[in-house]
Amino acid sequence: MVIGADGIRSTVVKQIFTQTASAIHSKENIFYGIIDNIDQQTSINPTKTAKNTLTQCFNHREFLSYRVDNTGQLMWAATYPSVTPPSVSDDAEWTETNSQRDLNQLLTRFPQSHPVHQCAAGTDKQRLFHFGLYYRQYRSDGWHRNRICLLGDSCHATLSYVGQGANMAIEDATSLAMFKKI
105 MVIGADGIRS
115 TVVKQIFTQT
125 ASAIHSKENI
135 FYGIIDNIDQ
145 QTSINPTKTA
155 KNTLTQCFNH
165 REFLSYRVDN
175 TGQLMWAATY
185 PSVTPPSVSD
195 DAEWTETNSQ
205 RDLNQLLTRF
215 PQSHPVHQCA
225 AGTDKQRLFH
235 FGLYYRQYRS
245 DGWHRNRICL
255 LGDSCHATLS
265 YVGQGANMAI
275 EDATSLAMFK
285 KI
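The sequence shown maps to residues 105 to 286 in this note's numbering.
Below you can see the structure in the form of structure tokens.
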């Protein structure tokens, strides 16, 4: 059995469903950053970086931040509307080619007191990603053919910043494991 869990730009899906539509840009892009050693960052409001704290703001666009684990990393993300995604190569979902102009434009959407300014300033450029948000239309013709099965974003990609992709991949894996027991 072949399990295609190779993401939204899946090569496996194209092998079993030759008429697969391209992923759809949601008309939103995202800056996604990881700050290492957050406890040593004195410029970021400690109420935003405390352990077991999730910060979400929806008043200017979506902003999200949370500690990744006990290693002192803080993940943050901010979305903005755009009719086109940032330029990336055809085989990449993420780009490390960060446009300072795009980041500056994003920051103008938020008041100076907003935590996105502190997070952007505290993020090493190598840990800052900029990419378009994509999803895939629901497949009504199934997720498998013969002994090839799709899992996760390869068959039902959702917008990455809501965390549903990971949840659905776990559910897919559980369903597949239960099926394999039969």
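Even for Gly, the Cβ is constructed at its ideal location relative to N, Cα and C.
Tell me whether the beta-carbon of residue i lies closer than 7 angstroms to the beta-carbon of residue j.
i, j, result
"I67", "A277", "Nothing in the structure corresponds to residue 67, since the chain is present only between 105 and 286."
"L237", "L263", "yes"
"L210", "Y170", "no"
"A124", "V117", "Here residue 124 is Thr; the residue named in the question, Ala, does not match the sequence. Contact flag set, yes."
"V220", "F167", "yes"
"N133", "S186", "yes"
"I107", "R249", "no"
"H234", "P190", "yes"
"G256", "A109", "yes"
"R251", "M105", "yes"
Buried or exposed: which applies to residue i, given that a residue is buried once 16 or more other Cβ atoms fall within 10 Å of its Cβ?
i, result
"T153", "buried"
"P215", "exposed"
"Q204", "exposed"
"G135", "A small fix is needed here, since residue 135 is Phe in this sequence, not Gly. F135 is buried by the Cβ-count criterion."
"G246", "exposed"
"Q145", "buried"
"L158", "exposed"
"Q222", "buried"
Please report the residue range of the beta strand (DSSP E) in which residue i lies.
i, result
"V106", "106–108"
"A182", "178–185"
"R340", "One cannot answer for residue 340 here, as it falls past the ends of the chain, which runs 105 to 286."
"I252", "252–254"
"H221", "First-last for H221: 219–225, but that is the alpha helix (DSSP H), not the beta strand (DSSP E)."
"L232", "232–239"
How would you write the range of the alpha helix (DSSP H) that residue i sits in, first residue to last?
i, result
"N133", "N133 -> not in any alpha helix (DSSP H); beta strand (DSSP E) instead, spanning 128–139."
"L158", "Counting along the chain, L158 falls outside any alpha helix (DSSP H), though it belongs to the beta strand (DSSP E) covering 158–161."
"T153", "150–153"
"L211", "204–212"
"Q123", "Run containing Q123: none; DSSP gives neither H nor E here."
"S258", "257–260"
For the putative contact between residue i and residue j, defined by C-beta atoms under 8 angstroms, what is the C-beta separation to the nearest angstrom?
i, j, result
"S114", "S258", "4 angstroms"
"G226", "S147", "6 angstroms"
"A181", "R165", "At roughly 10 angstroms, the Cβ-Cβ gap does not stay under 8 angstroms, so A181 and R165 are not in contact."
Does the count of Cβ pairs from the stretch 240–255 and the stretch 139–153 closer than 8 angstroms reach three? no
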